[in-house]
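Numbering (our numbering), first residue to last: 184 to 728.
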Amino acid sequence: MSIDKLNSGIVSFLKREYLLILAVVAGCFLRLYTITDQIIADDEWHGIHAIFTFSYRHIFSHFGFCDYCIPLTAYYKFMAENFFLSEMVVRTPVLFFGIISLVVFPLVVRNLINRRVGNIFALFLAISPIHIFYSRYARPYVIVVFFSFLGLIAFYKWLHGGRDKRWLWTYIVCAIIGPYFHLTVLPVLLAPLCILVGDKLIYRNDIPVKEIIKLFFIVLAGQGILLSLPVVVGMSDLSGKLGHDRVSLNTIYETFKLFIGVYNYRMLYIALMLIIAGILSIFKIPKKFLLYLSILFVLQVVFSVFSNSSCISIPMVLARYCLSLQPFFILLLSAGLVAFYGFIENITKSRGGPYMLSFAVFALFVFFNPLKNIYYFPNNWTNHPKFQAYYDGTNPEYSLHPEKVSKFYYDLASFPKGSITILEVPWYYEWSYNTKYTNYQRIHGQYVMIGFVGALFKWTRSGELPVLKKLIAFRHFYHVSMYKSLPSKVKYVVFHKDLKNEIGYPVEYVDVTPWIKTYTDLFGKPVYEDSMIIVFDVLRDKFKL
Numbered sequence: 184m185s186i187d188k189l190n191s192g193i194v195s196f197l198k199r200e201y202l203l204i205l206a207v208v209a210g211c212f213l214r215l216y217t218i219t220d221q222i223i224a225d226d227e228w229h230g231i232h233a234i235f236t237f238s239y240r241h242i243f244s245h246f247g248f249c250d251y252c253i254p255l256t257a258y259y260k261f262m263a264e265n266f267f268l269s270e271m272v273v274r275t276p277v278l279f280f281g282i283i284s285l286v287v288f289p290l291v292v293r294n295l296i297n298r299r300v301g302n303i304f305a306l307f308l309a310i311s312p313i314h315i316f317y318s319r320y321a322r323p324y325v326i327v328v329f330f331s332f333l334g335l336i337a338f339y340k341w342l343h344g345g346r347d348k349r350w351l352w353t354y355i356v357c358a359i360i361g362p363y364f365h366l367t368v369l370p371v372l373l374a375p376l377c378i379l380v381g382d383k384l385i386y387r388n389d390i391p392v393k394e395i396i397k398l399f400f401i402v403l404a405g406q407g408i409l410l411s412l413p414v415v416v417g418m419s420d421l422s423g424k425l426g427h428d429r430v431s432l433n434t435i436y437e438t439f440k441l442f443i444g445v446y447n448y449r450m451l452y453i454a455l456m457l458i459i460a461g462i463l464s465i466f467k468i469p470k471k472f473l474l475y476l477s478i479l480f481v482l483q484v485v486f487s488v489f490s491n492s493s494c495i496s497i498p499m500v501l502a503r504y505c506l507s508l509q510p511f512f513i514l515l516l517s518a519g520l521v522a523f524y525g526f527i528e529n530i531t532k533s534r535g536g537p538y539m540l541s542f543a544v545f546a547l548f549v550f551f552n553p554l555k556n557i558y559y560f561p562n563n564w565t566n567h568p569k570f571q572a573y574y575d576g577t578n579p580e581y582s583l584h585p586e587k588v589s590k591f592y593y594d595l596a597s598f599p600k601g602s603i604t605i606l607e608v609p610w611y612y613e614w615s616y617n618t619k620y621t622n623y624q625r626i627h628g629q630y631v632m633i634g635f636v637g638a639l640f641k642w643t644r645s646g647e648l649p650v651l652k653k654l655i656a657f658r659h660f661y662h663v664s665m666y667k668s669l670p671s672k673v674k675y676v677v678f679h680k681d682l683k684n685e686i687g688y689p690v691e692y693v694d695v696t697p698w699i700k701t702y703t704d705l706f707g708k709p710v711y712e713d714s715m716i717i718v719f720d721v722l723r724d725k726f727k728l
């Protein structure tokens, strides 16, 4: 091939795929931005706790009361025992699936609806806050979204698109693997089998009954091999999470906001109208696709709502239980925006006006996206639900404005952002108890690390690691006893005298008095002290407050 033909081919490809390329680049940036600075916290600890507590045998035979993900936990344990375990090792699987979704999802819907809808879908998916959130969060939700969306689309393409066996086997693989990462997608991934039976009975399709039975057997046998042992042995883990909570109308409303990715109620009306327009436009293209989607939506929502699972009234919990449906919301939204473009084009008989209006509508979704309130610099806590659970900040538990703040944090704000690193001691890994450090960082604008106070060699407190254990390489956690080898970037060690009282939650009291005495002996008089904190300068000659 000549250079001219190669260059011509590249130029042609860029012209043809510029929207998809733009979406992938923007989506990758939003998913990778400051990812190495993020502190592992809350549910991300489920699997980490398990690898230091349980054997492989126990991991593969239980879901765990705290619902650790079996394949991810086994992966953590393998890495910790054979290579090394770090924040990025823990997050690599979800990042991988979050990023490849940006390419795979738009491509698989192109010939299902049309190319233009696929490109707009890519753009909306790239800026979707909840998809970004779970692409950066060491839990399996974005992985099951990948397998469920790809599997459901593959099944529809097989059933109504020529019976290509490659699509069928794509569905089979996704239907077997998806529930192994999280059981909540089991109903929606089994739904196509029920739809196939209904299609056979109602529309008399030409698929032999023997083939349908064979498909049932392969999928159920595959799921049985992976799931039967943990379901049987760990049934108490599952039953203990059911029947404790109820979904309210407000839960559904807030979940819709999370799915669409905007916090302004006027934008929600626009989104709803576009989704309705998308439904009407899709109804005209693939005849049975709308019915297919409706069955999937009903099954997944009914399962999630009527399970009455623990904390299901919290919008973020309902959202992650139904997260496999979120890309379909985005797809309908995209189809609606394309339909809006076509409607304006028919009225104006031009292209410039419809392009400008469609771009303006998309720009509004970008403007009212909560990411601008999350991605300030530096922020070591973009995975905190305070930025996701309630976009408009109405939840007092996740308030960004603490009532009482030490003057020290305001003094830190006088230095250039990100020029100083502080070690906060102690901490609670649960987000419900750990809103203060995120609030303080928003004020002081400096990097944060976490200081451990428990034992060095064995497990002592939840949310702390045996830091001297071989092959543990977390960058943002450090034990305060290792004062002789504190990272050179740490300027201040901040001890919270009574974090339990400071937070205002009924949690364990962590006594840091012995460490305060040790640091006083080592580093002399603290540079700051008030009723809540005491601060030691471990690089006294580098900065001055």
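All C-beta atoms in this analysis are idealised placements derived from N, C-alpha and C, irrespective of residue type, glycine included.
Rounded separation between residue i and residue j - CA only
i	j	result
R644	R319	25 angstroms
K680	E200	57 angstroms
K683	T618	12 angstroms
L197	L308	20 angstroms
L203	F288	11 angstroms
L409	L342	26 angstroms
G345	N294	13 angstroms
I303	L333	18 angstroms
E580	R429	With a pLDDT of only 43 at E580, under the threshold of 50, the placement of this residue in the model should not be trusted; the figure read from the coordinates follows. For E580 and R429, the distance between alpha carbons rounds to 20 angstroms.
T438	Y386	35 angstroms
I359	F330	9 angstroms
D220	A546	29 angstroms
V445	L432	18 angstroms
G230	I315	21 angstroms
I530	S541	14 angstroms
I717	K708	10 angstroms
L285	Y692	45 angstroms
K569	D225	12 angstroms
Spatial neighbours of residue i in its chain, beta-carbon cut-off 7 angstroms, leaving aside the 5 residues before and after
i	result
I242	A233, I253, T256, A257, K260
I626	V588, Y592, Y593, A596
T577	Note that T577 scores 45 on pLDDT, short of 50, meaning its location in the model is unreliable and no value can be drawn from it.
Cβ shell of residue i (< 6 angstroms), same chain only, five flanking positions each side left out
i	result
P375	F338
S195	none
E647	F635, G637
S464	A518, A522
A209	A309
Y559	none
L351	W341
Check: residue i C-beta below 6 angstroms from any heavy atom of the ligand PLP
i	result
Y538	The ligand PLP is not among the ligands present in this structure, which contains no ligands whatsoever.
Contact set for residue i: own chain, Cβ-Cβ below 8 angstroms, skip 5 residues either direction
i	result
I459	G519
A638	P649
V380	I395
Burial state of residue i, where buried means 16 or more other Cβ atoms lie within 10 Å
i	result
S671	exposed
V273	buried
W564	buried
E586	exposed
S507	buried
K590	exposed
R240	exposed
W477	Looking at the sequence provided, one finds Ser at residue 477 rather than Trp. Exposed.
E264	exposed
W698	buried
Beta-carbon proximity of residue i to residue j, cut-off 7 angstroms
i	j	result
I633	E613	no
P312	P553	yes
P323	F364	yes
Y666	L705	yes
T434	L516	no
V371	L482	yes
A454	I443	yes
For residue i, the nearest candidate out of the options (CA to CA)
i	options	result
Y675	A656, T696, F660, V710	V710
V368	T696, V325, S269	V325
V690	A656, Y611, W698, I716	Y611
S269	Y446, I223, S602	I223
D382	A209, F512, L515, Y475	Y475
S714	V677, L722, A404	V677
Y317	K708, L351, P276	P276
N447	F551, L432, W350	F551
F695	V481, L379, F598, S664	For clarity, residue 695 is Val in the given sequence; the question names Phe instead. Looking at the Cα atoms, S664 is the closest of the given residues.
C180	I396, F472, S615	Because the chain is modelled from 184 through 728, residue 180 falls outside the range shown and cannot be assessed.
M450	I283, V488, D347, A543	A543
F759	D720, Y354, P609, I443	No statement about residue 759 is possible, as the shown extent of the chain runs from 184 to 728 and does not include it.
V356	L213, Y623, V327, I527	V327
I484	Y504, L473, P498	Sequence check: residue 484 is Val here, not Ile. Of the candidates Y504, L473, P498, the one whose C-alpha sits nearest the C-alpha of V484 is Y504.
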